[in-house]
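Numbering follows numbering that gives the first Met the number 0, with no gaps: position 60 of the sequence shown is 59. Glycine is no exception: its CB is placed at the ideal position from the N, C-alpha and C atoms. As the structure is a prediction and not an experimental result, all values here were calculated from the model. Presented below is the structure to which this report refers.
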Amino acid sequence: MNNYPETDVWQIADNDRNSQTYRYEYKFDFTFFESEEIKTIVKEYIWTNYRSGNRVPKGLRETLWRFKYFDTFCRQNGVLSLRELDNGLTDDYRSFLHTCISKGTEKPLSYSFQSNCFSALKTLIDWCRVFLPSAVPEKQIFTGCEYRQVGSRLKINFIPDEVLQAVNEALKSEDNPYLKYGIIILECTGMRVGDLLLLKTDCISEHPISGYTISWLDHKNRKSRDNMPIPLECKQAVDCLLKTTVAVRENADEIEKGRLFIYQPEKGNNTKPIVTLSKQVFTKWCRDFSEKHDIRDSGGNIFRLTSHMFRRTLATDMLSKGTNLKVIQEVLGHVSPATTKKYYADVKDTDRAEMFSKIGILGNIRQVSETEMTEKTDFQWFQDNCMGKARLSDGYCTLPVQDGKPCGHFLSRQKCYLCNRYITTLEDLETHRQHLAELQEMLDSNIYGAHFAAHIIPTTLALKEIIRRLVELQNEQ
Numbered sequence: 000m001n002n003y004p005e006t007d008v009w010q011i012a013d014n015d016r017n018s019q020t021y022r023y024e025y026k027f028d029f030t031f032f033e034s035e036e037i038k039t040i041v042k043e044y045i046w047t048n049y050r051s052g053n054r055v056p057k058g059l060r061e062t063l064w065r066f067k068y069f070d071t072f073c074r075q076n077g078v079l080s081l082r083e084l085d086n087g088l089t090d091d092y093r094s095f096l097h098t099c100i101s102k103g104t105e106k107p108l109s110y111s112f113q114s115n116c117f118s119a120l121k122t123l124i125d126w127c128r129v130f131l132p133s134a135v136p137e138k139q140i141f142t143g144c145e146y147r148q149v150g151s152r153l154k155i156n157f158i159p160d161e162v163l164q165a166v167n168e169a170l171k172s173e174d175n176p177y178l179k180y181g182i183i184i185l186e187c188t189g190m191r192v193g194d195l196l197l198l199k200t201d202c203i204s205e206h207p208i209s210g211y212t213i214s215w216l217d218h219k220n221r222k223s224r225d226n227m228p229i230p231l232e233c234k235q236a237v238d239c240l241l242k243t244t245v246a247v248r249e250n251a252d253e254i255e256k257g258r259l260f261i262y263q264p265e266k267g268n269n270t271k272p273i274v275t276l277s278k279q280v281f282t283k284w285c286r287d288f289s290e291k292h293d294i295r296d297s298g299g300n301i302f303r304l305t306s307h308m309f310r311r312t313l314a315t316d317m318l319s320k321g322t323n324l325k326v327i328q329e330v331l332g333h334v335s336p337a338t339t340k341k342y343y344a345d346v347k348d349t350d351r352a353e354m355f356s357k358i359g360i361l362g363n364i365r366q367v368s369e370t371e372m373t374e375k376t377d378f379q380w381f382q383d384n385c386m387g388k389a390r391l392s393d394g395y396c397t398l399p400v401q402d403g404k405p406c407g408h409f410l411s412r413q414k415c416y417l418c419n420r421y422i423t424t425l426e427d428l429e430t431h432r433q434h435l436a437e438l439q440e441m442l443d444s445n446i447y448g449a450h451f452a453a454h455i456i457p458t459t460l461a462l463k464e465i466i467r468r469l470v471e472l473q474n475e476q
């Protein structure tokens, strides 16, 4: 495997037909390394992983880019060999990344990019312990948790029911067929967007019992996902895409001709060859979709929709219906159920734990002071309007209208309980009890389905907490 090209600049093509970047060529430039020894080790690492098919060229080139920061660190600290690294130097490298400025944006490196740069070094060291043990220190030089759960969100939010309803309503008038039918497929299958865009034209099969099934290639795990049952809506979305692309398919080459998401981009008067839709384009479309159709969250802000959220939403829906964790793991294609549980299945418990910190002020309306309301403008407005505009059916709101638009929490009766601008008092205790009884009845009858019920539960918990605190205040009087 060490018979890599002798030059410091390589051109490597992705020849894996199952890769998302099949037929792309990538330039690898190693000239930035000061240490010949470190450069040689990185070359062997990249070449071995490329030739064995363990990693695709695109990911390997990204790894090489990340070593530029490590090379700068080595230059500043006189490090010429990986054997010189110890706990102190690796910790210094982490601090160095924190102070780096990106040449492209002139801003500090993002937390996730810092983590990726640090992980690239850790991965190289681990690889050397197996293939080149004499090239690295014998002792462990990493703690293993340098970037864990600090400053980054480890979970992708699921789409709330009211937002998902707005998304599905907006799809009816969406004029972009790739986005429209792509979202429907994502919503039905929970597949990754990279797999979606490389779906084959023959991905749908009939099934004598379940109606239709879909198959695709799980590129991350390098294996086929066969015969997943799908609703008729998903099958119709595929059919519509086939009709949309029939014209361009005739002029496509053999590879693109077999794919579902193909189009012919145009730039000025020049028509480009037919290509497969990229993840970057689809991601931008998802972001613009919310703005175009004015889809907002409970706080009244434009909802930041991403393709991966549909995957998370499907998992949450299955969990709320009591589906076994192992089944959810198989649908999502996770190697381990621990991944499913850590990043997907425990979302509700996490949200409930954070929920009570958002509950607003409980007490006597006439005793609310600046100590409870840190925003002076809110406090002044509340003092002037507490007996009028701030009054709700079961409490008060310190800011029901923002920039001329009603607050999203304010428009939804159930959401105000989870907002720190909400104020309730003893006079509304009985109203809260009645509302809680209504929600409990809805949950008992389950008329809205398991998914909707799962999102009502946090509101019932908040109401119970509010009632408990108000009863405590009542007993103190």
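Here the alpha carbon of Leu-240 sits roughly 38 Å from the alpha carbon of Ile-45.
Using a Cβ distance threshold of 9 Å, Phe-72 and Val-41 do not count as a contacting pair. By the neighbour-count criterion, in which 16 or more other beta carbons inside 10 Å mark a residue as buried, Gly-189 falls on the buried side. The C-alpha of Cys-396 is placed about 52 Å away from the C-alpha of Gly-87. Boundaries of the beta strand (DSSP E) around Pro-228: 222–229. A residue is called buried when at least 16 other Cβ atoms come within 10 angstroms of its Cβ; Ile-229 meets this threshold and is buried. Tyr-3 sits close to Glu-43, with the two beta carbons spaced by under 9 Å. Judged by DSSP in its simplified three-state form, Gln-164 adopts helix.
Counting C-beta atoms within 10 angstroms of its own C-beta, Pro-56 has 16 or more neighbours from the protein chains shown and is therefore classed as buried.
Counting along the chain, Ile-254 sits inside the alpha helix (DSSP H) bounded by residues 253–256.
For Val-135, same chain residues with a beta-carbon under 8 Å away, outside a window of 5 residues either side, are Leu-81, Arg-82, Leu-84, Ile-124, Cys-127, Arg-128 in chain order.
Ranked by Cα distance from Glu-168, the first of Cys-415, Ile-183, Thr-376 is Ile-183. Contact check between the segment 281–292 and the segment 304–323: three or more CB pairs, one atom from each, fall below 8 Å, which counts as touching. Trp-46 is not bridged by DSSP to any residue. Taken atom to atom, the span from the alpha-carbon of Glu-464 to that of Tyr-421 is near 14 Å. The alpha carbon of Asp-393 has as its nearest neighbour, out of Gln-328, Leu-442, Glu-329, Leu-462, the alpha carbon of Leu-462. Exposure of Ser-94 is indicated by the presence of fewer than 16 other C-beta atoms within 10 angstroms of its C-beta.
Within the same chain, Gln-328 come within 8 Å of Ser-335 by CB-CB distance, once the 5 residues on both sides are set aside. By the CB criterion at 9 Å, Asp-13 and Glu-24 fall inside the cutoff. Of all alpha-carbon atoms in His-218, Ala-236, Ser-223, the one lying nearest the alpha-carbon of Tyr-211 is that of Ala-236. Here the C-alpha atom of Thr-376 lies approximately 53 Å from the C-alpha atom of Gln-19. Rounded to the nearest whole angstrom, the CA to CA distance from Val-162 to Asn-226 is 30 Å. For His-431, the number of other beta carbons within 10 angstroms of its own is at least 16, and it is reported as buried.
When secondary structure is reduced to three states using DSSP, Gln-10 falls in the strand class.
At least 9 Å separates the beta-carbon of Lys-199 from that of Arg-286.
Here Tyr-180 carries a helix assignment [DSSP, helix/strand/coil].
In the structure shown, Pro-107 adopts extended strand secondary structure according to DSSP, grouped into three states. It is roughly 19 Å from the alpha-carbon of Glu-232 to the alpha-carbon of Asp-160.
With a beta-carbon spacing of about 6 Å, Asn-250 and Ile-273 fall inside the 8 Å limit used to define contacts. With a contact defined as Cβ atoms closer than 8 Å, Leu-108 and Leu-96 qualify at about 6 Å. Asp-90: member of the alpha helix (DSSP H) spanning 86–98, first to last residue.
For the options Glu-429, Pro-132, Gly-77, Ile-455, the alpha carbon positioned closest to that of Ser-34 is the one of Gly-77. Separation of Ala-436 and Phe-157 (C-alpha to C-alpha, rounded to the nearest whole angstrom) is 27 Å. The criterion of a C-beta distance shorter than 9 Å is not satisfied by Gln-10 and Phe-31. By the CB criterion at 9 Å, Asp-217 and Asp-194 fall inside the cutoff.
A Cβ-Cβ contact shorter than 9 Å links Thr-243 with Pro-176.
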